[in-house]
Structure formats: C-alpha cells, structure tokens
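Under the numbering used here, the very last position in the sequence shown is 517; numbers go up by exactly one each time. Built from N, CA and C at the ideal position, the CB exists for glycine as well. Model, not experiment: these values are computed from the prediction.
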Amino acid sequence: MNKALRFRRKLAWTWAGVALVLLAVFYLAVRGGGESIALEGWVAHTQEVLGVIGDARLERARLVNRWLTNQLARNGAGTGGSDADSDKLREDVARLHTLTADNPAQQRLIAEVQGVFGKELTSLDGASSQSSAGGTTRSANSVPWAKTAETTARLLALFDHLEANERELLASRSRAVQANARVTRIVVVFAGLLTFLILGTAGYFIQREILNRGRIETGLRKAQELLGVKYEDQRQELGHAMDDLHGHIRARQQAEGEIRLLNTELEDRVEKRTKELQEANHELEAFSYSVSHDLRAPLRHMDGFSRILQQEYGTQLPQEARHYLDRVRSATTHMSNLVEDLLQFSRLGRQSPQLCRVALRNLVEEAQAETLSAPGNRDIEWRISDLPEVEVDTNLFRQVWVNLLSNAIKFSKNQSKAVIEIGSREEEGETILFIRDNGAGFDPRFADKLFGVFQRLHRQDEFEGTGIGLATVQRIIKKHGGRVWAESQPGQGATFYFTVPTAVPRCKTHETIGARA
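Right, here's the structure in full:
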C-alpha cells in the first residue's frame, strides 16, 4: 500500500510539473506576443515618422521650385501656389512634432526646423518683393538668392539629421522585434522538450507500475491456487486457538490472584515483624535509658564517698590504699561518662532532627571553645578553611564537632605540636566535610569497627574514652541523610569525612539535645 501511495504521489507531482510548464509557456507566449505587438507598433510609428519627413522634404522642394519658376517668369506677384506649399510644409512639421512627442532630442530638432523654415520663407518673401518692385526687366539672377543659401543648407541638414535618427530607431526596434521572436521560439522549443521529457518519464513509470501490478496479481492467483485455502478449517483452528488463549488467561489470572494473596500475607508479616522490631527497639532504648539513669545515683555515691575518704583520711592510709582509691575514683568517673554517653545515645534514637540553615564556621568555633576549656596546656595549630552554610540540626551538629574535635585532640596528645585541619568541598549535590589530625592513627583494616558502640582500637591506658563518641557521630550524620567514614595509617594521623545535603533557605532553629553534660 505504501508503494501504491508513493506511485500516486509521483504521478501527481508529474502532472503538476506538466501543468506548471504549460502555464509558464502560456505566460511567456502571451508576454512575448504582447511585446511583439508593442515593438511592431513602434516600428510602424518610426516608419510613419520617416514618411512624414519625406513628405516635408518633398513639400519644401516643391515650394522652392515653384518660387524659382515664378521668378524666372518675372511674375513676382503671383505666389499663390507657394502659399499652399508652405502651409502643407507647416502641417508636416507640426505632425512630426506630434509624432515625436516621446523623443526629446527629435523635438529639439523639429523646433529648430520650424525656426529655420520660418527664416527661409521670410527670405523668399523678401526676394519676391524686390523682384516685383524692379519690374519685368530684372533678371532672376539678380534675386538676392545668396541670402537664403545658408538657411537652406541648415534646413536640409536638419532634415537629414531627423531622418538619420529615425532610421537608427527603426533599426533598433527591428532588432528588438527579431530578438523577441527568437526568445519566444527558444522558450517554446525548450518547453516542448521539457514537457516531452516529463511525459515520457511519467509514461515509463506508469508502464512499469502496470507491469508490476500485473506480475503481483499473477503471483497472487498462483498462490491462491497452490495454497487452496479452506476457510472452514481456518475458523476451526482459530476457535481452538481462542480456547487455548482463554485457558492461558484463566491460568494467568489464577496465578496472579495467588501472587497477590502471597504478597498480602508477606506485607502483613513484614508489617507485623516491623512492629515487633520497633517495640523491641523501644524496649531496648527504654531499658538502656533506665539502666543508665538508675546507675547515676550509685555512681555519685561511690564518687562522693571515695572523695571523702581521700580528703578526710588520705594521710592516714598507706600508699597502696591511696593508689587503689585513686583507681576507684578514676573508674567511677569513667563509668559516669559512659552512662552520660549512653543516655545521649539513647536520646538520639528517639529524636528527629529539626533542620535549619546554619553557618558551620560558628558551630566549629563553639565546639572548639568547649573542647579547649578542659584542663591542660596543649600546643595546637588550627587550620580551618572556609566552611559553607548547611541545613542541619544546630545542637546535634554541634555535638558532632565536639566529639570529632575531642577525638582529634585526644589522639594527638603524644605529639609535641598537634595540627588539626578542618575543611570542606562540594561534590555531586552534597557537602563533604573533613577533620584531619597528626595523631596516632589506626590500622585501616579495622576502619569499619570505629563507629560501633563500645568499639575501641586502642587500650584504655593509652587513650581514655567510652567507645560511644564516634557511634554518636554516625547516628547523627545518618539522621541527616549523610555518610561518615575514616582514613588513616598507624602513626600518620587520621582523617574523618562526613557528608550533608546542600543547604536550602534559612529556617528557625530548634533546641533539642544539648551537649554532653
């Protein structure tokens, strides 16, 4: 069908081309005919002007001959015929003036002819008057003919100039007529050839299409004869196929129903299991909070009584007893810090961050002031780059910086001069922050254990701590939709990285969880 449509389109374009060629030929023929008529009219006009110039020459010659005849017959007073000739000549000149109205150059020459002719008539009239006054004995040779010789020569020259101009116009217009005729013939011949070519091409394609269709029809007839199609058998086969299709559809629908039922049961199980896990988490958090909270009072008692023993009876106790008492107080302090960290970690499980846009530089400076308020005189070089504004929970993120700065200060205590560097960079729609120190570092094989609760890579006597600070950092960062990781080599310091989404418009801050008590 597409092939037949293409053929019809080609045929339509062919007839359109033929029609356009014929219209163009008709237009050019009409325009050429009009131009030929106009040019032939100008040729006839020029020939008419030449005829009038010839008549004017003839009338002027008759006038002069008649005047000479009268003078030779010594009949100066009889000039009636001359007046008629002069009137006829004036009419011819006036007609020339009318016919050449479109030619300014010829108009100027005709005006000059009129002036010179008037002078010639005046000269001839004067000569006739003198001849009449002198009587019949005066000879024609005595007429003052020499006075009019210059005027006569000028008049003849003007007639020659007029005739030459018109003959030049006649030649030019005749050439234009011939050129227009040649162009018309060329256009007609070219159009005929082009039409013949288009029609021949169209005939070729039509003939080829007819032959193709004949071959196709013959092939179809042979195919029908060879196949011997039995329509009843086809309907039966189609009925069997439809039955099979319906059977497959029913089986598929049944399978889909079973899948939906299984999905519903699975969703119910997942929902039930999720609720159980949530309840277990709540119970675990409540238990952790309760245990941590209930441990506070005994710890305070232990710390208080041990401090009283040191203050009241310290001088009476032996050296070994004082050493044991110091270890009791140290363990009590460590346990108290552990309880506080557990309480804070428990709060994080229940707290949703209140996001707002804050300047990280301010949070870093607040955390820096808090960590440096601890006793001890340390030589620390701070390298803090420009930090962006991000959308975070102000108090939670302050705790992140406090924990990370405390960690960097703690693990670089063995260095004569600690160097702590803080910076950031933008990458794929998120802000990557880092804090780098020149401390003890750690084995990178155990980097995945850093952020677990109670996970420590160093002994307590080397670096004090509860093992909850980095776990708190990880939980806060994950609540903000970020990631946290660390890179290090033993003895070469450590770098902690974490990400936060790019900041959005500023909002009001909300106080949530405070810093470590």
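| Asked | Found |
| --- | --- |
| Simplified DSSP state of residue 450, which is helix, strand or coil | coil |
| 8 Å contact criterion, which residue 95 and residue 52 should meet: CB distance rounded | 5 Å |
| Proximity of residue 153 and residue 39 at Cβ, strictly below 8 Å | no |
| For residue 387, the three-state DSSP class (helix, strand or coil) | coil |
| DSSP-derived helix/strand/coil call for residue 353 | coil |
| Collapsed DSSP secondary structure at residue 423 in the structure displayed | strand |
| Cβ shell of residue 290 (< 7 Å), same chain only, five flanking positions each side left out | none |
| Buried/exposed call for residue 323, threshold 16 Cβ in 10 Å | exposed |
| Three-way DSSP call (helix, strand, coil) for residue 298 in this model | helix |
| Nearest-angstrom beta carbon gap, residue 430 and residue 499 [assumed within contact, 8 Å] | 5 Å |
| Residue nearest to residue 302 in terms of C-alpha spacing, selected from 247, 325, 379 and 423 | 325 |
| Exposed unless 16 or more other CB atoms sit within 10 angstroms - verdict on residue 408 | buried |
| Nearest neighbour of residue 479, chosen from 415, 88, 447 and 355 [CA to CA] | 355 |
| Residues near residue 491 by beta carbon distance below 6 Å, same chain, minus five either side | 441 |
| Residue 142 in three-state terms, based on DSSP | Legend: pLDDT at residue 142 = 41, less than 50; position of this residue unreliable, no value from coordinates given. |
| Simplified DSSP assignment, three categories, for residue 279 | helix |
| Whole-angstrom distance between residue 18 and residue 520, CA atom to CA atom | Residue 520 lies beyond the stretch modelled for the chain, which goes from 1 to 517, so this question has no answer here. |
| Candidates 65, 353 and 385, of which the one nearest residue 365 by Cα | 385 |
| Range of the contiguous beta strand (DSSP E) that encloses residue 496 | 494 to 501 |
| Alpha-carbon spacing of residue 391 relative to residue 403, whole angstroms | 20 Å |
| Cβ-based neighbour list, residue 510, same chain, cut-off 6 Å, excluding 5 preceding and 5 following | Residue placement at residue 510 cannot be trusted, given a pLDDT of 38 that sits under 50; what the coordinates show is reported in the next sentence. These residues qualify, in order along the chain: 354. |
| Under 8 Å between C-beta atoms of residue 481 and residue 436 | no |
| Residues of its chain near residue 81, where Cβ-Cβ distance is below 6 Å and the 5 sequence neighbours each way are ignored | With a pLDDT of 48 at residue 81, under the threshold of 50, the predicted position of this residue should be treated as unreliable, and no value is reported. |
| Per-residue burial, residue 372 [other beta carbons within 10 Å of its own, 16 or more giving buried] | exposed |
| Counted within 10 angstroms of its Cβ, other Cβ atoms place residue 8 as buried (16 or more) or exposed | exposed |
| Span separating the alpha-carbon of residue 332 from that of residue 309 | 14 Å |
| Inter-residue Cα distance where the pair is residue 243 and residue 223 | 30 Å |
| Coarse secondary structure for residue 336, derived from DSSP in three states | helix |
| Among 191, 46 and 100, the one whose alpha carbon lies nearest that of residue 23 | 191 |
| For residue 59, the nearest candidate out of 159, 33, 30 and 29 (CA to CA) | 159 |
| Cβ-Cβ distance between residue 399 and residue 476 below 8 Å | yes |
| Residue interval of the alpha helix (DSSP H) (run including residue 433) | Residue 433 -> not in any alpha helix (DSSP H); beta strand (DSSP E) instead, spanning 430 to 437. |
| Cα-Cα separation between residue 501 and residue 486, rounded to whole angstroms | 19 Å |
| Below-8 Å beta-carbon distance, residue 207 vs any chain C residue | Reference to chain C is not applicable here, since this structure consists of a single protein chain. |
| N- and C-terminal bounds of the beta strand (DSSP E) containing residue 488 | 484 to 488 |
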